[in-house]
Ligand code: AMP
Ligand code: TRP
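Residue numbers (this note's numbering): 41 to 377.
Take a look at the structure:
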């Protein structure tokens, strides 16, 4: 029996921050290294063009995300790393799935509602159709497991609905994927600890590429409270709780151990040491990424290798879909001699 397929990806919309790392990437690396899955990690560039973007930057951002994946520990030997737009079957399957997706289901998607409010000058059909393309991504590879954050659960539920609809309308060839929700810390913005750390508010982000002095400065200015006690209380002290979570992420010390260590310290001391923990914690990642970006052609080679592997699987699946739907001639199997 071959191993089940595990599939996930991120949009290339800007630099990755430590929320992306602790909330997604770190978990992907562990799943990959468990050896239990055939892993596919892709860059969702077609999804990213549903929002405003700069053509001169887009491919550079894609390359950066691939470098981030690899520097974080995703291995091109163990996993298939590829770029969505290089595999035309994603768009092709999305169209086919469009034709069995009820309009009403898509209209319920909360991400569409949120995004059409936040980019009201650009409510394009791609933004509305985003979850169907996501379903195509997942179904094209016969995926069993999709590690995602809770914000993507509704989209994955829709993917399952579409798979079932296809199976009952045509033939059972779509694997119903399951979300893999591992407990991951949600990191909050350094400048507004009541909101999650997000690229849309860069001032509150610690980016994986931030230089040591920038990290020190951002941590120093992080919003806390006036109590001056390093105690974990997310409701009363959301800023400090968030800093403790970050400390924990980089050191694996428990909350209790961190509280004890800083029982007599003021915020200045705690923040200074936290900044050093982050600088040291990010150093190996930053060194690997710099090296990778310097080796000319290395990322291109990795992307090309991934494209070939993904293409093989995508072609097979799309042929099967076309045959099943009667879009192409049945391929009659040769009888064994
Ligand atoms: P995004 O940056 O929203 O495209 O998210 C990419 C991945 O990182 C998703 O799996 C998110 O769930 C995860 N993620 C994004 N922001 C955070 C955060 N502040 N804390 C934890 N995980 C996050
Ligand atoms: N929508 C996901 C996000 O914004 C990215 C994504 C696109 C994805 N297609 C996917 C994630 C398929 C997992 C599986 O984070």
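Beta carbons: idealized from backbone N, C-alpha and C, even for Gly.
Asked	Found
DSSP-derived helix/strand/coil call for residue 113	coil
Own chain, CB closer than 7 Å to residue 323, minus 5 neighbours either side, in chain order	none
Residues sharing a beta bridge with residue 228, DSSP	236
Buried or exposed (CB count within 10 angstroms, at least 16 for buried), residue 327	exposed
Distance cut-off 7 Å: residue 333 Cβ against heavy atoms of ligand 1	no
For residue 280 and residue 267, the rounded distance between their alpha carbons	10 Å
Residue 206 beta carbon near ligand 2 (any heavy atom closer than 7 Å)	no
C-beta neighbour in chain B for residue 349, strict 8 Å	Among the chains of the structure shown, chain B does not appear; only one protein chain is present.
Cutoff 7 Å; reference residue 285; Cβ partners in own chain excluding five residues on either side	225, 227
Beta-carbon gap between residue 177 and residue 124 smaller than 8 Å	yes
Inter-stretch contact (C-beta, 8 Å, three-pair minimum) for the segment 58-74 and the segment 205-225	yes
Cβ separation of residue 80 and residue 120, assumed to be a contact under 8 Å, to the nearest whole Å	5 Å
Candidates 370, 302, 189: closest to residue 271 by CA position	302
Reduced DSSP secondary structure (H/G/I, E/B, other) of residue 421	An answer regarding residue 421 cannot be provided, because it is not within the stretch 41 to 377 covered by the chain.
Host beta strand (DSSP E) of residue 121 (start-end)	119-123
Coil, strand or helix - residue 83 by DSSP	strand
Three-pair Cβ contact test at 8 Å for the segment 187-198 versus the segment 111-118	no
Residue 351 versus residue 172: straight-line alpha-carbon distance, rounded	20 Å
Bridge-paired residues (DSSP) for residue 15	Look at the range of the chain in this structure, 41 to 377, and you will see that residue 15 is not part of it.
Expected contact under 8 Å - CB spacing of residue 31 and residue 92 to nearest Å	The requested residue 31 does not occur in the structure, where the chain is confined to residues 41 to 377.
Identified DSSP bridge partners for residue 214	Looking at the DSSP assignment, residue 214 forms no beta bridge with any residue, so it has no partner.
Inter-residue Cα distance where the pair is residue 241 and residue 315	20 Å
Exposure label - residue 143; buried when at least 16 CB within 10 Å	exposed
Residue 85 beta carbon near ligand 2 (any heavy atom closer than 7 Å)	no
Collapsed DSSP secondary structure at residue 241 in the structure displayed	coil
Selection from 354, 357, 338 that minimises the alpha carbon distance to residue 104	338
Sub-8 Å separation of residue 43 and residue 77 beta-carbons	yes
Residue 209 burial status per 10 Å Cβ neighbour count (16 or more: buried)	exposed
Cβ-Cβ distance between residue 202 and residue 175 below 8 Å	yes
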